[in-house]
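Residue numbers (the numbering used here): 1 to 82. Here is the structure we will look at, set down as structure tokens.
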Amino acid sequence: MATSTQKSRVVYHVTMRDGKWVVTRERDHEGVFDSFETKDEAIERARTKARRQEPSQVIIHRADGAIETEFTYGSDPYPPGG
1 MATSTQKSRV VYHVTMRDGK WVVTRERDHE GVFDSFETKD EAIERARTKA RRQEPSQVII
61 HRADGAIETE FTYGSDPYPP GG
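Right, here's the structure in full:
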């Protein structure tokens, strides 16, 4: 059973938007935290943010929006959220 002290997982997305690679957080997906010329820069920023906020996850998308890969940091909360 989950306790009130468990944090829910923070999820970051790396996506292409308007010709730039952007990092967004899932809860406020429309708000862009950072934008970059290269995908590698965006991935590094998302992974840095995620490591600082465990439990967390980074979901990396291809330019067409399909999920390419994911990175998870820390333990997943249980039970998983809705």
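Cβ atoms here follow ideal geometry from the backbone N, Cα and C, with glycine treated the same way.
Within its own chain, the residues whose Cβ lies closer than 8 Å to the Cβ of residue 61, once the five positions on either side in sequence are excluded, are 13, 14, 15, 16, 67, 68, listed in chain order. Contact check for residue 42 against residue 58 fails: the beta carbons are separated by 7 Å or more. Residue 15: member of the beta strand (DSSP E) spanning 10-17, first to last residue. Rounded to whole angstroms, the gap between the alpha carbons of residue 73 and residue 52 is 9 Å. Residue 34 sits in a strand when the DSSP states are folded into three classes.
Across the structure, residue 32 and residue 56 are spaced so that their CA atoms are roughly 18 Å apart. Residue 48 and residue 65 have their C-alpha atoms some 22 Å from each other.
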